[in-house]
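Peer 1: FYI, the numbering for the sequence shown is 15 to 210, going by our numbering.
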Amino acid sequence: MTLATIAEHTVDIDLLKQGFVLDAGCRNFIFARELARLGCSVVAVDADPTVEYPSDFRGIFLNVALATESGERNFLMHSNPEARHLVRDGIFSFPTTKVRTTTISNLMDFYSIESWDVVKLDIEGAEYDILQQWPGPIAKQISIEFHEHCGPRPKELYDSIFEHLSQWYKIAQHEKEARHCAGENWWDTLLIRKGT
């Protein structure tokens, strides 16, 4: 196992076999560009309608939110672009806009992807629902930035997520630390598929 941190997300570079990579929450494309440079075929998605396809990126970019259902959702246009996220209906102190959503299974079907070398989730709170409904051993590794700072989540939620994922994955890294002036959080969790 050779762990490397790319744009604040840890991956096992030994598991990168120039296969497919999903960069969900690709805002600045640092992770996506580096994985493309390493020879991977990158599918980069970001819900924020202000994020644009960079001319120097060799990969697929979709202006959609990764979610548990395909369709449309409200997206909070926070003044801090890094804090923009999917929301349910309600009254907010920042404007919202409608964005398209897709699922990881739909992406795999559309692009004929059987497995990912790595899935990176940096999606401002949407990771919880996605991980609770994770469809199986579809990625060699999952690099996750949990967003506990967006609203406290009960321990039982994490227990449920990790119990579900433990069918196929083992924890390689999962420690709370303080970053971004937002307190302690699991900013950089890495799960590795069992038997990989």
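We treat Cβ as the ideally placed atom computed from N, Cα and C, and that holds for glycine.
Suppose the cutoff is 6 Å on Cβ atoms and the five residues either side in sequence are ignored; what does the same chain contact list for G153 look like?
Peer 2: Just to set this straight, residue 153 is Ala in the shown sequence, not Gly. Counting only Cβ-Cβ distances below 6 Å, and skipping sequence neighbours, we find W130 and V133.
Peer 1: What are the start and end residues of the alpha helix (DSSP H) that includes H188?
Peer 2: Counting along the chain, H188 falls outside any alpha helix (DSSP H), and DSSP gives it neither H nor E.
Peer 1: Where does S93 land, buried or exposed, given buried means 16+ other C-beta within 10 angstroms?
Peer 2: Under this definition S93 is an exposed residue.
Peer 1: For V78 and I137, what's the separation of their Cα atoms in angstroms?
Peer 2: Rounded to whole angstroms, V78 to I137 spans 11 Å at the Cα level.
Peer 1: Which ranges would you report for the alpha helix (DSSP H) in the stretch 77 to 132 if only whole runs of at least 4 residues count?
Peer 2: Those alpha helix (DSSP H) runs which fall completely within the stretch 77 to 132 and span 4+ residues are 118 to 124.
Peer 1: So what's F71 in DSSP terms, helix, strand or just coil?
Peer 2: Of the three classes helix, strand and coil, the one that applies to F71 here is coil, per DSSP.
Peer 1: When DSSP labels each residue in this structure, what does D60 get in the three-state scheme?
Peer 2: It is coil, neither helix nor strand.
Peer 1: Does the stretch 98 to 111 come into contact with the stretch 67 to 75, if we say contact requires no fewer than three beta-carbon pairs (one atom in each stretch) closer than 8 Å?
Peer 2: Not touching, per the Cβ criterion.
Peer 1: Is it true that the CB of E48 sits closer than 9 Å to the CB of I20?
Peer 2: Yes, Cβ-Cβ distance for I20 and E48 is below 9 Å.
Peer 1: As a quick exercise: from S157, I127, H161 and Y183, pick the residue whose alpha carbon is nearest that of V151.
Peer 2: Per the sequence shown, the amino acid found at residue 151 is Pro instead of Val. Here the closest residue by C-alpha is Y183.
Peer 1: List in chain order: all unbroken beta strand (DSSP E) runs of 3+ residues lying wholly within the stretch 18 to 42.
Peer 2: Taking only runs of at least 3 residues, the beta strand (DSSP E) segments lying wholly in the stretch 18 to 42 are 23 to 26 and 34 to 38.
Peer 1: What I want to know is whether the C-beta of C40 ends up closer than 8 Å to one or more non-hydrogen atoms of the ligand FAD.
Peer 2: Ligands displayed in this structure: none; no statement on the ligand FAD is therefore possible.
Peer 1: Alpha carbon to alpha carbon, how far is P168 from V59?
Peer 2: Going from the Cα of P168 to the Cα of V59 covers about 28 Å.
Peer 1: Could you give the C-beta distance for I158 and E141, rounded to a whole number, given that I count them as a contact under 8 Å?
Peer 2: Going by Cβ atoms, the distance from I158 to E141 rounds to 6 Å, so yes, they are a contact pair.
Peer 1: Identify the residues that DSSP records as bridge partners of I158: which are they?
Peer 2: Answer is L135 and T203.
Peer 1: What is the DSSP secondary structure of S180, counted as helix, strand or coil?
Peer 2: Coil, per DSSP.
Peer 1: For A46, I'd like the list of residues in its chain whose CB is within less than 7 Å of its CB, leaving aside the five on either flank, ordered along the chain.
Peer 2: These residues qualify, in order along the chain: D37, C40, V56, A58, F71 and G73.
Peer 1: Suppose the cutoff is 7 Å on Cβ atoms and the five residues either side in sequence are ignored; what does the same chain contact list for L90 look like?
Peer 2: Closer than 7 Å at the Cβ level, and outside the excluded window around L90, lie R98, H99, V101, F106, F108 and T110.
Peer 1: When DSSP labels each residue in this structure, what does E198 get in the three-state scheme?
Peer 2: Strand, per DSSP.
Peer 1: Excluding the 5 residues flanking T117 on each side, which residues of the same chain have their C-beta closer than 7 Å to its C-beta?
Peer 2: Taken in chain order, the residues that qualify are A81, T82, E83 and S84.
Peer 1: Could you pull the start and end residues of the alpha helix (DSSP H) that A46 belongs to?
Peer 2: Its alpha helix (DSSP H) spans residues I44 to R51.
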